[in-house]
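Letter 28 of the sequence shown, counting from 1, is numbered 28 in the UniProt record's numbering, and no numbers are missing.
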Amino acid sequence: MLRYPALKVHLNTVYTLLTDSQVSGEMTDDGRRTVALKKLRELRKGGREENELVEDFITRILHLDPSEE
1 MLRYPALKVH
11 LNTVYTLLTD
21 SQVSGEMTDD
31 GRRTVALKKL
41 RELRKGGREE
51 NELVEDFITR
61 ILHLDPSEE
């Protein structure tokens, strides 16, 4: 899935929000995490920026999480 440029752009945006306080507008880790999660929610099914690639990627990642069993 990571071969799709659109998915890479979206994941990079979320990563940048997590790591760059100037982009996120938040100085704390928790604040940046909140902004990044909001962006991710918007990219998921039902969000304003709904993206099928992002939804498929997240679904696959969640299936890999052993704590979900």
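Positions of the beta carbon are idealized from the N, C-alpha and C atoms, including for glycine.
Beta-carbon separation (whole angstroms), residue i vs residue j, contact threshold 8 Å
i: Leu-43; j: Arg-32; result: No, Leu-43 and Arg-32 are not in contact; Cβ-Cβ is about 17 Å, not under 8 Å.
Residue i, enclosing alpha helix (DSSP H) - first and last residue
i: Arg-41; result: 29-43
i: Arg-60; result: 52-64
i: Ser-21; result: 21-24
Same chain, Cβ closer than 7 Å to residue i, five either side skipped, listed in chain order
i: residue 87; result: With the chain running from 1 to 69 in the structure shown, residue 87 is simply not present.
i: Glu-55; result: Arg-44, Lys-45
i: Leu-40; result: Val-14
Contacting residues, own chain, Cβ-Cβ under 8 Å from residue i (five flanking each side not counted)
i: Tyr-4; result: Leu-53
i: Arg-60; result: Met-1
Residue-level contact to chain C via CB, residue i, 8 Å cutoff
i: Lys-45; result: Absent from the structure: chain C. Only one protein chain is present.
Residues near residue i in its chain [Cβ-Cβ closer than 6 Å; skip 5 each side]
i: Val-35; result: Leu-17, Ser-24, Glu-26
i: Leu-37; result: none
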